[in-house]
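Only one structure is covered here, and it is reproduced in the block below.
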Amino acid sequence: MYQSNDVGAGHSEPLSSGKGYALYPTYKDSSIEWLGEVPGHWSIRRLGSSVDCCINGIWGSEPDGHNDLACIRVADFDRTNMRVLLESRTFRSIAPNNRDNRLLNKGDLLLEKSGGGDLKPVGAVVLYEHDLAAVCSNFVGRLVVSVGFDPNYLTYLHSCLYAMRLNVRSIKQTTGIQNLDVGSYLAEHVAFPPLVEQITIAMFLDYETAKINTLIKKQERLVDLLQERRAALISHAVTKGLDSSIPMKDSGSEWIGEIPAHWEKKRLKLLVSNEVDKADSAQIYDSYIALEHVESWTGKVRPEKGKDVENEAKCFLENDILFGKLRPYLAKVSKASERGICSGEFLVLRPLSGEIIAAFLAHKLRSKEIIGLINSSTFGTKMPRAEWNFIGNVEIAFPSDPNEQSSIVNFLDRETEKIDGLIAKIRQVIKLQKELRSALISAAVTGKIDVQQASISTV
Numbered sequence: 006m007y008q009s010n011d012v013g014a015g016h017s018e019p020l021s022s023g024k025g026y027a028l029y030p031t032y033k034d035s036s037i038e039w040l041g042e043v044p045g046h047w048s049i050r051r052l053g054s055s056v057d058c059c060i061n062g063i064w065g066s067e068p069d070g071h072n073d074l075a076c077i078r079v080a081d082f083d084r085t086n087m088r089v090l091l092e093s094r095t096f097r098s099i100a101p102n103n104r105d106n107r108l109l110n111k112g113d114l115l116l117e118k119s120g121g122g123d124l125k126p127v128g129a130v131v132l133y134e135h136d137l138a139a140v141c142s143n144f145v146g147r148l149v150v151s152v153g154f155d156p157n158y159l160t161y162l163h164s165c166l167y168a169m170r171l172n173v174r175s176i177k178q179t180t181g182i183q184n185l186d187v188g189s190y191l192a193e194h195v196a197f198p199p200l201v202e203q204i205t206i207a208m209f210l211d212y213e214t215a216k217i218n219t220l221i222k223k224q225e226r227l228v229d230l231l232q233e234r235r236a237a238l239i240s241h242a243v244t245k246g247l248d249s250s251i252p253m254k255d256s257g258s259e260w261i262g263e264i265p266a267h268w269e270k271k272r273l274k275l276l277v278s279n280e281v282d283k284a285d286s287a288q289i290y291d292s293y294i295a296l297e298h299v300e301s302w303t304g305k306v307r308p309e310k311g312k313d314v315e316n317e318a319k320c321f322l323e324n325d326i327l328f329g330k331l332r333p334y335l336a337k338v339s340k341a342s343e344r345g346i347c348s349g350e351f352l353v354l355r356p357l358s359g360e361i362i363a364a365f366l367a368h369k370l371r372s373k374e375i376i377g378l379i380n381s382s383t384f385g386t387k388m389p390r391a392e393w394n395f396i397g398n399v400e401i402a403f404p405s406d407p408n409e410q411s412s413i414v415n416f417l418d419r420e421t422e423k424i425d426g427l428i429a430k431i432r433q434v435i436k437l438q439k440e441l442r443s444a445l446i447s448a449a450v451t452g453k454i455d456v457q458q459a460s461i462s463t464v
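As structure tokens, then:
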């Protein structure tokens, strides 16, 4: 196992500068624009020279109890650790004559050939390290590693190429799905160290990235705890109020529980309207909001400007409440700060009178109790969604005094802003750690640093 001196792990200088790690004695021009100089003894070869072949996967048919095999999908890719996850296995019936060359072996690389999107382009590569008899799906290709190459090292190399988006220039897209031109991608030229050095670099990266990943997981867990604290804060304030000394009463609803004695209950449809105008396809609106533009639980929005109108798009006004009705997005609730249009997958709720203020209602609809209740009503298989017929009949408890509602809103805005500030700082740390990990991998597999000087100890 590697024992690091931790010099590079905490270094603020670019890893490619060589500071914190040794440089190779001699370098040569690789004649590859993106790569630059490489160690003098490394060989410049096609990426495809590291694999014997790329074998297309197969989706097979519905399980029949006789020819069933685990089928590895892109959804099973652990992109952080560059491995295959088997936590949620998918089984398909694969006829014996369709298994030739498709059964996976330890040390195979799996290449994502179809799928992807603008933020996560197709072309990710992971390593298969399991004994489970399996094939890969038709969106994945099996790369059989050639003799003289270390599969673990190649996984890091592909990760580097993906991070720098070298795969993007081999993407063909004529429909909504990206397809990787595998021949074009494997024709890219890279620099390879000798096999022993590949193994050494991979061991070094295993050790160093594991430490970074541990730090990232701890920070991500802290974010989760803060988000739980935020959700609990909102739920308590909008169901119990701010004064713990006031008398309580039974709400009459099991899911609501006790509420302040002076609060009242009403069905949501008596407080808000769900009837809004559809967007005019002849216009271009300044603000368009889709589900992906709204941050879960906070309601913060990054609208798209100058969006052409899509089918079923809805108009909204300032102070309208946008409520995502698809099950994965139920917690996406936002109070509009300006006029605009939104995706048809939002409910647009407009307060009917001054009985309930929009900001209080937004917090109320974001509470875990209401989200849980509405989630239980969703239906559908591919994209389960909630319907207004159910949501409109949900009873909510609230103080009849608008001033008390405003006090709760001011308290929540102030306290959640503090929590959001902490989360933002932690996320920045996570971002920097991920950048460090990516830079370390890139520097090692492109020969910008020589990691062979790190000490090795066996345990």
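When we follow our numbering, the leftmost residue of the sequence shown carries the number 6, and every step to the right adds one. For each residue, glycine too, the CB sits at the ideal point set by N, CA and C.
Requested in this report: Under the assumption that Ser55 contacts Phe154 (Cβ atoms under 8 Å), give the Cβ distance between them as a whole number of angstroms.
Outcome: 5 Å
Query - Residue burial classification, Trp268 (beta-carbon count within 10 angstroms, cutoff 16) - result: buried
Query raised in the report: Given Ser411, which residues of its chain have a CB within under 7 Å of its CB, disregarding the five upstream and five downstream residues?
Result: Ile362
Requested in this report: Give every residue of the same chain whose Cβ lies closer than 8 Å to the Cβ of Gln288, excluding the five residues on either side of it in the sequence, and list them in chain order.
Outcome: Val314
Query raised in the report: Should Tyr29 be flagged as near chain D, meaning a C-beta pair shorter than 8 Å?
Result: The displayed structure is made up of one protein chain only, and chain D is not part of it.
Query raised in the report: Under three-state DSSP, which class holds Pro68?
Result: coil
Query raised in the report: What is the residue span of the beta strand (DSSP E) that Leu148 lies within?
Result: Val145 to Val150
Requested in this report: Please say whether Pro44 and Tyr32 have beta carbons closer to each other than 8 Å?
Outcome: yes
Requested in this report: Can you grab the Cα-Cα spacing for the pair Leu335 / Lys369, in whole Å?
Outcome: 13 Å
Query - Selected residue, minimal CA-CA separation from Trp64, among Arg88, Ile99, Glu134 and Ile49 - result: Ile99
**Report entry** Residue from Trp260, Lys270, Val338 and Glu259 whose Cα sits closest to the Cα of Ile294
**Finding:** Val338
Report task. Compute the Euclidean distance between the alpha carbons of Glu323 and Glu233, then round it to the nearest angstrom. Result -> 29 Å
Query - Bridge-paired residues (DSSP) for Val201 - result: The partner list for Val201 (beta bridge, DSSP) is empty, contrary to what the question assumes.
Query raised in the report: Using DSSP with H/G/I as helix, E/B as strand and the rest coil, what is Ala236?
Result: helix
Report task. Tell me whether Arg147 is buried or exposed, calling it buried when 16 or more other Cβ atoms sit within 10 Å of its Cβ. Result -> buried
Query raised in the report: Among Gly181, Val195 and Cys76, which one has its Cα closest to the Cα of Asn143?
Result: Cys76
Query raised in the report: Since Ser405 is in the beta strand (DSSP E), which residue starts that stretch and which ends it?
Result: From DSSP, Ser405 is part of no beta strand (DSSP E); its letter is neither H nor E.
Report task. Could you name the residues of the same chain whose beta carbon sits closer than 6 Å to that of Asn398, not counting the 5 residues immediately before and after it, in chain order? Result -> Arg272
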